[in-house]
Structures are given as C-alpha cells and as structure tokens.
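A.B. asks:
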Amino acid sequence: MASTSLSVHQKAIRSNVAKKALMAVTGLVLICFLLMHMFGNLKIFVSPEAYNYYADWLKHDLLYPILPHGWFIWLFRIFLVVCLVLHIYLMAILWNASLHGRGAKYVRKNRKEQTLSAKLMRWGGITLGLLLVFHLLMFTTGTITPGFAYAVHDPYHMFLGAFSQWWVVLIYAIFVAVVCMHVRHGFWSAFTTLGANVGPGARTVLNVLAYFVAALLFVGFILPPLAVLLGMVS
Amino acid sequence: MTATTRPPASNPYYTLGAEIHDTKAPAGPIEKKWSTRKFEAKLVNPANRRKLTVLIVGTGLAGAAAGATLGEAGYNVHNFCYQDSPRRAHSIAAQGGINAAKNYRNDNDSVYRLFYDTVKGGDYRARETNVYRLAEVSASIIDQCVAQGVPFAREYGGLLDTRSFGGVQVQRTFYARGQTGQQLLIGAYQALERQVDAGTVTMHSRHEMLEVIVHEGRARGIVTRDLVSGEIETWYGDAVVLASGGYGNVFFLSTNAMGSNVTASWRAHRKGAYFGNPCYTQIHPTCIPVHGEMQSKLTLMSESLRNDGRIWVPKNPDDAEKDPRDIPEEDRDYYLERIYPSFGNLVPRDIASRQAKYMCDDGRGVGPLVTEVTQEGETQQRRRGVYLDFTEAIARLGRKAVEDKYGNLFDMYAQITGEDPYATPMRIYPAVHYVMGGLWVDYDLQSSIKGLYVCGEANFSDHGANRLGASALMQGLSDGYFVLPNTINDYLAAGPFEKIDDMTQASQEALESAVSRIEKLLAVKGTRSVDSFHRELGAIMWEYCGMERTEEGLKIAIDKIRALREEYWKNVKVTGVNEDFNQALERAGRVADFIDLGELMCIDALHRRESCGGHFRRESQTEDGEALRHDDQYAYVAAWEFTGDGSKPVLHKEPLKYEAIELKQRSYK
Amino acid sequence: MKITLKIWRQANKNAEGSMHSYQLDNVSEEMSFLEMLDLLNENLTAGDEEPVAFDYDCREGICGMCGIVINGSAHGRYESPVPTTTCQLHMRNFHDGDVIEVEPWRAGAFPVIKDLVVDRSAFDRIIQAGGYISVNTGSAPEAHSTPAPKRLADRAFDAATCIGCGACVAACPNGAGMLFTSAKITHLDNLPQGQPERMLRVKAMVAAHDDNGFGGCQNIGECASVCPKEIPLESIAQLNRDLIASLFRGDGRAQ
Numbered sequence: 361m362a363s364t365s366l367s368v369h370q371k372a373i374r375s376n377v378a379k380k381a382l383m384a385v386t387g388l389v390l391i392c393f394l395l396m397h398m399f400g401n402l403k404i405f406v407s408p409e410a411y412n413y414y415a416d417w418l419k420h421d422l423l424y425p426i427l428p429h430g431w432f433i434w435l436f437r438i439f440l441v442v443c444l445v446l447h448i449y450l451m452a453i454l455w456n457a458s459l460h461g462r463g464a465k466y467v468r469k470n471r472k473e474q475t476l477s478a479k480l481m482r483w484g485g486i487t488l489g490l491l492l493v494f495h496l497l498m499f500t501t502g503t504i505t506p507g508f509a510y511a512v513h514d515p516y517h518m519f520l521g522a523f524s525q526w527w528v529v530l531i532y533a534i535f536v537a538v539v540c541m542h543v544r545h546g547f548w549s550a551f552t553t554l555g556a557n558v559g560p561g562a563r564t565v566l567n568v569l570a571y572f573v574a575a576l577l578f579v580g581f582i583l584p585p586l587a588v589l590l591g592m593v594s
Numbered sequence: 027m028t029a030t031t032r033p034p035a036s037n038p039y040y041t042l043g044a045e046i047h048d049t050k051a052p053a054g055p056i057e058k059k060w061s062t063r064k065f066e067a068k069l070v071n072p073a074n075r076r077k078l079t080v081l082i083v084g085t086g087l088a089g090a091a092a093g094a095t096l097g098e099a100g101y102n103v104h105n106f107c108y109q110d111s112p113r114r115a116h117s118i119a120a121q122g123g124i125n126a127a128k129n130y131r132n133d134n135d136s137v138y139r140l141f142y143d144t145v146k147g148g149d150y151r152a153r154e155t156n157v158y159r160l161a162e163v164s165a166s167i168i169d170q171c172v173a174q175g176v177p178f179a180r181e182y183g184g185l186l187d188t189r190s191f192g193g194v195q196v197q198r199t200f201y202a203r204g205q206t207g208q209q210l211l212i213g214a215y216q217a218l219e220r221q222v223d224a225g226t227v228t229m230h231s232r233h234e235m236l237e238v239i240v241h242e243g244r245a246r247g248i249v250t251r252d253l254v255s256g257e258i259e260t261w262y263g264d265a266v267v268l269a270s271g272g273y274g275n276v277f278f279l280s281t282n283a284m285g286s287n288v289t290a291s292w293r294a295h296r297k298g299a300y301f302g303n304p305c306y307t308q309i310h311p312t313c314i315p316v317h318g319e320m321q322s323k324l325t326l327m328s329e330s331l332r333n334d335g336r337i338w339v340p341k342n343p344d345d346a347e348k349d350p351r352d353i354p355e356e357d358r359d360y361y362l363e364r365i366y367p368s369f370g371n372l373v374p375r376d377i378a379s380r381q382a383k384y385m386c387d388d389g390r391g392v393g394p395l396v397t398e399v400t401q402e403g404e405t406q407q408r409r410r411g412v413y414l415d416f417t418e419a420i421a422r423l424g425r426k427a428v429e430d431k432y433g434n435l436f437d438m439y440a441q442i443t444g445e446d447p448y449a450t451p452m453r454i455y456p457a458v459h460y461v462m463g464g465l466w467v468d469y470d471l472q473s474s475i476k477g478l479y480v481c482g483e484a485n486f487s488d489h490g491a492n493r494l495g496a497s498a499l500m501q502g503l504s505d506g507y508f509v510l511p512n513t514i515n516d517y518l519a520a521g522p523f524e525k526i527d528d529m530t531q532a533s534q535e536a537l538e539s540a541v542s543r544i545e546k547l548l549a550v551k552g553t554r555s556v557d558s559f560h561r562e563l564g565a566i567m568w569e570y571c572g573m574e575r576t577e578e579g580l581k582i583a584i585d586k587i588r589a590l591r592e593e594y595w596k597n598v599k600v601t602g603v604n605e606d607f608n609q610a611l612e613r614a615g616r617v618a619d620f621i622d623l624g625e626l627m628c629i630d631a632l633h634r635r636e637s638c639g640g641h642f643r644r645e646s647q648t649e650d651g652e653a654l655r656h657d658d659q660y661a662y663v664a665a666w667e668f669t670g671d672g673s674k675p676v677l678h679k680e681p682l683k684y685e686a687i688e689l690k691q692r693s694y695k
Numbered sequence: 007m008k009i010t011l012k013i014w015r016q017a018n019k020n021a022e023g024s025m026h027s028y029q030l031d032n033v034s035e036e037m038s039f040l041e042m043l044d045l046l047n048e049n050l051t052a053g054d055e056e057p058v059a060f061d062y063d064c065r066e067g068i069c070g071m072c073g074i075v076i077n078g079s080a081h082g083r084y085e086s087p088v089p090t091t092t093c094q095l096h097m098r099n100f101h102d103g104d105v106i107e108v109e110p111w112r113a114g115a116f117p118v119i120k121d122l123v124v125d126r127s128a129f130d131r132i133i134q135a136g137g138y139i140s141v142n143t144g145s146a147p148e149a150h151s152t153p154a155p156k157r158l159a160d161r162a163f164d165a166a167t168c169i170g171c172g173a174c175v176a177a178c179p180n181g182a183g184m185l186f187t188s189a190k191i192t193h194l195d196n197l198p199q200g201q202p203e204r205m206l207r208v209k210a211m212v213a214a215h216d217d218n219g220f221g222g223c224q225n226i227g228e229c230a231s232v233c234p235k236e237i238p239l240e241s242i243a244q245l246n247r248d249l250i251a252s253l254f255r256g257d258g259r260a261q
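Residue numbers (our numbering), protein chains in the order written: chain P, 361 to 594; chain Y, 27 to 695; chain U, 7 to 261.
#1: Here's the rule: buried if 16 or more other CB atoms are within 10 angstroms of the residue's CB, otherwise exposed. What is Phe668 (chain Y)?
#2: Going by other Cβ atoms of all chains shown within 10 Å of its Cβ, with 16 needed for buried, is Val124 (chain U) buried or exposed?
#3: I need the DSSP call for Met27 (chain Y), collapsed to helix, strand or coil.
#4: Taking only three categories from DSSP, how would you classify Val445 (chain P)?
#5: With a threshold of 9 Å between beta carbons, is Phe116 (chain U) in contact with chain P?
#6: Alpha carbon to alpha carbon, how far is Ile426 (chain P) from Leu476 (chain P)?
#7: Compute the distance between the beta-carbons of Gly302 (chain Y) and Thr79 (chain Y), then report whether it is under 9 Å.
#8: Using a Cβ cut-off of 7 Å, which residues of the stretch 162-183 of chain U contact any Cβ in chain Y, in chain order?
#9: Using the Cα positions of Thr31 (chain Y) and Asp650 (chain Y), report the straight-line distance between them to the nearest angstrom.
#10: Taking buried to mean at least 16 other C-beta atoms within 10 Å of its own C-beta, is Met396 (chain P) buried or exposed?
#11: If you count every other CB in all the chains shown that lies within 10 Å of the CB of Ser542 (chain Y), and 16 or more means buried, which is it?
#12: Could you work out which residues of chain U lie near Thr513 (chain Y), taking near to mean beta carbons separated by less than 8 Å?
#13: Whose CA, out of U:Leu30, U:Tyr138 and U:Ala21, lies closest to the CA of Ile106 (chain U)?
#14: On a CA-only basis, which of U:Val108, U:Ser241, U:Gly227 and U:Arg131 is nearest Gly219 (chain U)? Give me that one, please.
#15: How would you call Ala378 (chain P), buried or exposed, if buried means at least 16 neighbouring beta carbons within 10 angstroms?
#16: For Asp164 (chain U), which option in U:Glu236, U:Leu45 and U:Gly82 has the closest C-alpha, if you only look at C-alpha atoms?
#17: Report yes or no: is there a C-beta of chain U within less than 9 Å of the C-beta of Val356 (chain P)?
#18: Could you pull out every residue in the same chain whose Cβ sits closer than 6 Å to the Cβ of Met361 (chain P), ignoring the five residues on either side in sequence?
#19: Got a sec: which bits of the stretch 478-497 of chain P sit with their beta carbon under 8 Å from any beta carbon on chain U, in order along the chain?
#20: Is there a Cβ of chain P sitting closer than 9 Å to that of Cys223 (chain U), yes or no?
#21: Using a 10 Å radius around the Cβ and a threshold of 16 neighbouring Cβ atoms, would you call Tyr455 (chain Y) buried or exposed?
#22: Using the beta-carbon count (16 or more within 10 Å), is Glu577 (chain Y) buried or exposed?
#23: In this structure, does DSSP put Ser117 (chain Y) in helix, strand or coil?
#24: Take Gln321 (chain Y) as the anchor and find which of U:Gly70, U:Pro89, U:Phe60 and U:His96 has the nearest alpha-carbon.
#25: List, in chain order, every chain Y residue whose beta-carbon is nearer than 9 Å to that of Val88 (chain U).
#26: One question on the structure: do His489 (chain Y) and Gly89 (chain Y) come within less than 9 Å of each other, judged by their Cβ atoms?
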C-alpha cells in the first residue's frame, strides 16, 4: 500500500475521521447559510420593497465600506462553493471507502437505527445537488425562467412569478424536504463527528436540535412559496 | 499406615516407578528461596536473546503474559492458539477476581497468610515452595495490571477496592465487576500485541499443536495444524512452553470453553512429560443447572454470589415443585449455614459442591427432573439443583446495591434460564470448572522433558488438591509474567542449540505421527459422530470420576473407557478432508486424547485411596462425612509416565515435604 | 418445535456462496442458538453431509468468538429482548414454524473463511498499532501510587468490556470498525495510566483502522444497537475528539 511510507501523523491527517471532521465543518457552514437564506426569504412577508432592498443590500452593500461595493457577495459565493465542493469531494472518497468496507451484500438486512434520512445521506445529497443547480439556474443566472422574466433588481416579482405555478412549488417542496432530511441527520452527525456526543444526554440534545433545525428550515423555506401559491402574497 | 488403604503390591492398572524430586528449589528458608533461585539462575546476555527462539502454545493469562514478557526481554517468540485471536483464550471467562497479598485492608493479610491459605485450601497436596513463591509475586501482579490499564473496581477515593472470596477470611481479592478474567486477559493480550508490533512475537492464531519434537532429550519444536488450510507445519526453537489450559472438557459438560482441550499436554505426555495428579478436578458449586440433552456446555456464575446469597433446599422433598417464595422460612434448610456455622455459605468449593449433591441425592433437590443412570446401572429421576436466594440481601442492601454488585450475573442467569433472579431464587448446581492436575513441573516450571516448560492451568503446580477462589488468575499471571521469564533463562543460557530441521529424525517422526493420526481418524468412516463419543465419555467421567469416587466405580469406568476407545477407533465418523477448515476433524483429535486422559484420571483416582480437596473417595471420610486424608501414605504428587498405548503407566511419587506449615486436617466448621 | 434454516454455505474464501435450506424438528426452546446448530450438524453428519462451519468457543458470551447474522441482525439482536451474543441467544425467542436466515458477518475487512466463519484478524492489527499502554513487565509502580477517579475508571471499564466479536462492523452499513476502535480508545483514555500515549495511540489506531479496509462512520448507531456489551455510541465521539485534538500535536510525526 502506498500509504505505508507515511508517518502516523500524516496517516491520521488523511484518515476517514479527519476527512469526516472537515465534512462536518463544511456541512455546518452550509447549514448556517441555509438558516440565513431562510431568514432572508421571510422578508417577502414584510413588503416588496423590503424584500428587494434586502436582496440588493446583500449583493452590493454588505460589509461596505470595509470591502468595495459588490465584493462581499463574490467572496461569500467563493467561500460557499469551496465548502460545497469540499463536502462533495470528501463524500465521494468516504463513499468509496464504505463500498470497500461494507463488502458483500446481505441476503437479508434488518436495521433498526438507520433512519431514512441517514440512509439517504448520499443519494439524497446528490439529489439536492441537482436541485440546487436547477434553483441557481432559475434565480441566480436566470437561465430557466418559468412564469417570470429575469430581473436582477426585482427578485420579489421573480419569486411571485415562479411560485404562482403549482409544479414549481412542488419541485421546490421536494427540494426543501430533501434538504431538511439531509440537515436532520447531518446536523447530528456533524456534531458527533466533532466530538459533541459526550453522553446519552448530549445525544438527546443533539437529536432534538437536529429535528428542530430541520423543521425550522422546512417551515421557513416552504412558507413564502406556499403563501404565493395560495395568493396570500401578491 | 492401615492395611485397608495400602495399594496392592502388584497392580493391574499401573506400575510403580522411582521416586522423583524437585531439584530446582534452592535450600534455605522458604521466604529466601525465590530470590536465591533468581540469583542463581544463569542469565542470557540481552544481545544474545534474539538468537533464541521460544515457542509458546496458548494465549491465555499464562501464555500471553509469558509471550509478552519474553518478547520484551528480547527473545524471538512464536505464539500459537487455536482460536481466531489470542484474546479469546478461556481465561477471559473468569469472573470473580484475583488474589494478592497487598494487605490494603489492614486485615492481617500477608504473603505468609496467602501462602498458608493456599496450601490449606489445597488440602496439603501442593508443593510448599511453589505456593510460597506464588504468594510472594502476587502483589507485583496487581501493580503490573494496573499499569497496563486494567480497570479494577475502585472506591471513591480512587484507590482499589477488594472483597473477600471463597474460603478465606481476609479481603484480598481484586476484581473488575464480574469480568476480572476478561480484563486481565485483555491486559495481557494488549501487552502481547504490543510485542507483535515490535516484531519480537509472531502470532499464529487458528493453529493447533499436534506434537512436540523432542530431539536428543530436549523439546526443540512443535508440529501444528493450520486450522484454516489443514497444512501440517513444523516450528523449531530452543524451548517450548505449554500454556494450553486445563482439561475439564474431558467431562464434556464443563464450564470450560468448547475448544479447551488436553491435546497439547497429552501429546507432550506421550513424549515423556509426566502427568501430575490428573484426578484432581474442581467442581464449582454455583453453575446454572443442565437444561436438556443437547446442552453443549455449562455456565458458571461467580461464587462471589455466595457472599450475599443464601443457599437452601426445602426440608421436605414434597416442596420441590412449589414456588420457592411460598415455602416458609421454617421449611427451608440453609444447609451450609447449618453444617458449617463459622464459614456458612463461604465454605470451599469442594465442600459446597458435595453438599449440594448430597441434598439432591437425598431427594431434596429443586428444578426439573433429570433422568440418570446410577452406578448400579439403574435409571432414576432426580432434581439437580439447589436455591441460591438473594431475597434477604435485597431486603438488607436494596435492589440497587445488589444490581451494582451482581447485575451482570443476574442478567446472565435471566438470559440463559428465562427466569428473573430478582423475583425468584436462582437454581444452581455444581459443574466441572477447573483442574488442579496437569503436567508435572519442577520449581522452574520445567517438565520432565528438558526445555519443555508448562505454565498456568496446564501444569499441576500450585493448588494441590483444590484451588481457592480467585487463585487461578493469580497463578496464570504469576507463571507468565514473573516466574517463567525468570527461570527459563537458566535453560536458555546454554543455547542456541544445534539447528534442526524437517530432515532430523525426531521431526520426521513427529510429523509422521501427526499426519498418520489424522489419516487414521478420517479413514474410520464409521457411523457415530465425534460429539456422541465425547458426550458418552463425559457421562462416564461425571458419574464415576466426578464429585464422589469409589473403588468399584472407578474400575467400571476404566473398563467402560477402554471399550469406548475401541469403539471410537472403529466407528467414529469424521466428515470432510484434512485440507480444509474442518471442525469435525479438530474435535476428533481432541476427543481421542480426552479418552486416553480419562483413563489415566480414573487410574489416578483409583490409586489415591484417600480423600483430599476435589478428590473425594467415598471409602475415605470422617464420621461426619468430611474428606479424610491419609498423610502417612499419600502426601505425594502422583506423576504419571506414559509407556505406550495399551501398556500400564508408571507412577512416580514426588514426596511432599512440609517445613513451613504443619499438616492439619482441614476444618471449616 | 420445528424450524426451517436458510444458511449461507461457502466452501472457502474464493468460492461462490449461496443460501441453503434445512429443516429441523425437535428443537427445544431451552437450547441456545448454537446448540440448535449443533443439532443440525449432528443430523448433517448422520446424513453424510458436511456440517456447517461456525465459530464458537466459550458459549457464555464473553470470548467474542461466535458471531453470525440471524434474520438480518448481528447476533440475532433483534430476535432477543436483551443485548446478546449468538451463543447466548436462546431458541425460546423463536416460534414453531419459523424460517430463520443465517449469514456470516459481511464486511470488507472480514473475509469469509468458510460458511459462517470469517477472518477478524484486522481487529488484532488495530490493537497492535497502539491499543495498549507501554509498560514492560516488572517496571510497574505500586498500584496505589496513582489513584484513578472512580467515575472515570467506571467509564473505562464500560468501554473495556468490548469482546471484539465484530458485530459492530457486521451491522454497520459502511463496514466501519469505529465502535471497536473507540472502545479501546475510551478505555485507555479514561485512566491516568493511559495519558502519556493518548495522542499517539489515537492516531496510530485510526490509521490502522483505515489501512485494514474498514469504512468510515456515519454516526448511524447501528453498531451500538447490536453490541452485546452495550458499548455506548459516545465512545466514537470520544475517539473523534481525541483524533481532532491530536492533529494539532506532534506525536507520531517521525516515521
């Protein structure tokens, strides 16, 4: 094995546990982003102006004047992409290790602890990656614009246009559900990987928090589109 | 000397050979002997050690400890075990604890008292010098194990907790809940694996030893079978250490692991190693009773249970089927407390076991009826169980305290029997647990073959006719960590010995013998499974050579075993081939050796016309039914020499001299 | 009672295996699962068929030698009301007419040797890498020279009860040996004697874990759920904490 020439320290740095720790950190960053994003979305309930102003501020004025206008959003996007790419790259390596680790398949499996979200971490992650691309193509690049015209300065009406169509809301709901399942197991798993599961009490707390964060994200993300679809926001 | 107990001059079962003596223990006061011996033993220069190879068979407490220690010293060690990992050795199942003369309790304990208790507990049939040394090194064992990270029970102050254990009145037993053996073995296993990593020890798991190679009077190698591929291999070295455990499985049902066997010891015996006191068997009083015909083994519960549990049977046989909770106090017979008021439920194992048997023989046993064949050949139904009751302990200490102390044992009982021991009393019955007999060794643990050392339960050395609780772990580790590594150098100093290989005559003979035996077993192609023979052998041994032995019974047993052997080699059915993972073949070889050993055990039991410790002859008891020794005739170790298949073994007596302790009739009243 | 067994038969490491059906009458509910297999083997031997190979030794749930997957769960954990090893699983947990599926541990690091027997030597290699405290015989200080807090000693003990059976790996969807490895880490890390080598130990053992082909942990908890000795899942978090901390220390930098 090529790795035999490495020192114990080098092997430890390259170990699955170290990789998972990095995956946990990147995952938690992405969860923080989701929380922030969700909170921003809720501005839709305040007023079109508030929503558009917020979007504009995010893209141009945040951290001004420390950074020049419009710099933050790009630095932030680069940071998120790096996290996302690392997260996916590590997932691929660990998945490969698991395929080797698991060996031949059981004829019959009976697993009691493996929740659906844990089982779907990888395929779910891939699904949500694809849906993310769709999401970006709609609202960030404006490549796909079902029911709305791309308008950088009026995201409010893009939002309204897109989500007045039931199938967009449906795809979005699936997207958000997959995200939340991923977050549900990911949140607990990330903290455990980082060593926070210090006992049965901590395990309960982490799991409750994981469910809470996942539920919060789901509700926070689904409310605005639902409100649009049901005509409560116009 | 009385005429009635003198053996006949011409004996149909054995011939009398020359007396033997241990020549290694130095002269001088007993407390100086070990340090004198260590000083006098020749040393091996550290630079020369890696040129010396030691082959160790077995990875229990003794084998793993010896392997690790010799590896640390720099010898080239090869270690063998039949299990898939050295960590599985049956030392792992010991529950109760390990004795050490630390006197942490300030309760008048001392090396001398541990020595005294062990000799007395062994019913004055152990060699004084060895036992004193055992007591002397006991304290270092605890130090060593604590340093290795063995998680012994501790008190809130962070210091080690101790408890009192079967048959002694001081609290000198260190323990790790009910898993002391496991924790000690894991400690030794880790030390061994550390040496594997360091390159001093090479581990060969799933290898079974089939022969010793004795070249020019020295043990120079072994023949093994790779249990996965069936390959028969030879290994050479300058000394061979057997640490292959006890042979309790000769009884088929015992608390030993299913794989525990006598093959390594027996093969060495056939090559010239004397077998010491084979009939000394310990029957453990607190085992879970037999449930049925397919029972494969018995499970022991630590006798620490006897510290708080009370043992009883109904006074009236008619109450046997009643719910024990409905039997009023006055209708219960707490027989151990009644007969032995000062020791009560804590009497030594042999006494507790035998009394349980008597209660059941008397028809006052409890549990399901078991069909038995009596020595007279009649079929009868008996209940084989007595109650071990924690009701009072739960009332006195609270359920929580009882759970903390014995929780895992209670869980084990519940899992095996499907009954809740917190609600109803447990049922227990004695079962074979340990053998004090084993290959004869001198003070250096060297057998009668030069360069063949024997450690742990495999040797006969320290327990005499009966072993005290928590002393097996002590002996295994003492032999492995502290004794053997300080005596084997005296022999190895003369090495490295002349190189031998597969062309050497002794190797060829050993190889040939191992291979032909396997071929013979596979060629029988009879109709009975190996296990059926093993079960039958076990039934014979348990009935005639178990808790109580008689002249006629033992003679019957010998005849039955001889007939069984004959049938075995004509009618055993071993499926499969050698060149494969073949468990039937593994067992077949072991059972063949058990049959031969069984016969020798019966001959030994027959020749020893006295009762002592675990060996109880019905003809030799006091008026109140206690074991009666005949020190004038039997204060010796019976070391048996093999003289060939079908020919009478030779008995060599090693007289036991008691200089530090006065011989007394044991009394626990 | 009567039962039907479907057992994985595989002649050797390289052979193809498959499930075979066997019928057993006269199974008593007092039997242990392995005694039931003994009965099957007696029948097979009588019928000149090769007996089923399976590992066993102590048959009292402590040596860790036995281990088979029964109806999809390691040691038949989900057939038993309490944590169990295969040898301590009793037939009273099954019913007349049951069909029981029996398979070997399946994991990349545990190749099948024959039928239900697997090679678990990878566990030994993890211990060799550092699962010990380096103390030569005779060099130990007096046992009472270092008190160990009872609470930590108890925690060490809980982890030290691991029997190395491999059920955790068999149950893990990733074939990870993390519960086993972390049990040893937790055992030694909670004792004062284990402190000097703590950082090197975790690095070396984790490296050996990966080198031996075990997968990575996803914190699912299947391992702790089937563990016969109830090694807690927190052990893995302990290992993670130690490993992360160790990455910032120099132990093990030299080759």
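Each residue gets a CB set at the ideal place from its N, CA and C atoms; glycine is no exception. What you are looking at is a predicted structure, and each value in this text was computed from that prediction instead of being measured.
C.D. replies: Working from what's here:
#1: buried
#2: buried
#3: Its pLDDT being 36, under 50, Met27 (chain Y) is placed unreliably in this model, and the value from its coordinates should be taken loosely. Looking at Met27 (chain Y) - three-state DSSP - the assignment turns out to be coil, as it is neither helix nor strand.
#4: Here Val445 (chain P) sits in helix by DSSP.
#5: yes
#6: Within the model, the alpha-carbon separation for Ile426 (chain P) versus Leu476 (chain P) is close to 45 Å.
#7: no
#8: Ala162, Phe163, Ala166, Thr167 and Gly170
#9: Only weak support is given to the placement of Thr31 (chain Y): the predicted model assigns it a pLDDT of 49, under 50, and the value that follows is read from those uncertain coordinates. Each residue's alpha carbon lies about 20 Å from the other.
#10: exposed
#11: exposed
#12: Here the premise fails: no neighbours, minimum Cβ distance about 14 Å.
#13: U:Leu30
#14: U:Arg131
#15: buried
#16: U:Glu236
#17: Lying outside 361 to 594, the shown extent of chain P, residue 356 (chain P) is not represented and no answer is given.
#18: Unreliable placement is indicated for Met361 (chain P), whose pLDDT of 43 sits below 50; the coordinate value is still reported in the next sentence. Close CB contacts of Met361 (chain P) within its chain, under the 6 Å cut and outside five residues either way in sequence, are absent.
#19: Ala478, Lys479 and Met481
#20: yes
#21: buried
#22: exposed
#23: helix
#24: U:His96
#25: Asp437, Ala440 and Gln441
#26: no
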